[in-house]
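The structure under discussion appears below in the form of structure tokens.
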Amino acid sequence: MQLADVRTAAASDATTISRLLADAIRGSYDGILDEIAVRRLISTQCALPRIRAEIEIPGGAPGWLGWLVATAEDGTLVGAAAGGVPVPGEGELYALCVAEGSRRRGVGAALLSAAADRMRGFGARELRVTLPSERDPWLPFYEASGFTPLTPTRLTQAL
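Note that my numbering numbers the sequence shown so that position 144 is 139, with each residue one more than the last.
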């Protein structure tokens, strides 16, 4: 399955984004975070009304740059990312998820690059991400992408 496109999410993508994000959280943090913490992450980050509202914010909210989705050649959503520039000069990646069968194929890197480009366009000079655990399985991905630790769970990258 080849990556075909990274684009701004549409309202019709909300359900798939919610499912992809919940599956990624379950798969990534099982055994790293306790069950209550995993359920809390899913209930706050993956709520369909929240994702729908975030996609449909007319003109965006201050600092919010929205959701991006990655699709395969057949149009299937295989990843999603969300971010913004909440503080002048500082981009923040709020979410990044890739379908399990599409990992290690450049989907995460394509989403990260598109999000960073978007943030750069809004004046960000660095990009930050906060991970739920010091043993986060995504840590090697972020380190390979040029992020360095600010704290054990907070990383930064110059743009």
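Idealized CB from N, CA, C, for every residue including glycine. Keep in mind that this is a model prediction, so the values were computed, not measured.
Using alpha carbons as the reference points, say which of the options lies closest to residue i.
i, options, result
"G96", "I12, S128, W59 and G74", "G74"
"V102", "R34, A6 and A65", "A65"
"E87", "D69, I46, C41 and A110", "A110"
"D69", "T143, D0 and D112", "D0"
Does residue i pass the burial test, meaning 16 or more other C-beta atoms within 10 Å, or should it be called exposed?
i, result
"I20", "buried"
"I50", "buried"
"A94", "buried"
"A48", "exposed"
"A6", "exposed"
"G78", "buried"
"V82", "exposed"
"I52", "exposed"
Any idea what DSSP makes of residue i, helix, strand or coil?
i, result
"A153", "strand"
"P135", "helix"
"R115", "helix"
"L231", "Since the first residue of the chain shown is -4 and the last is 154, residue 231 is not available in this structure."
Measuring CB to CB, does residue i end up less than 8 Å from residue j?
i, j, result
"R120", "R149", "no"
"M114", "L154", "yes"
"L126", "L107", "no"
"L60", "V80", "yes"
"L28", "S128", "yes"
"L36", "A9", "no"
"A17", "C41", "yes"
**OP:** Kindly provide the ranges of any beta strand (DSSP E) runs that are 3 or more residues long and lie completely inside the segment 33 to 102, ordered along the chain.
**Re:** Counting whole runs of 3 or more residues, the segment 33 to 102 contains the beta strand (DSSP E) stretches 59 to 67, 72 to 82 and 85 to 93.
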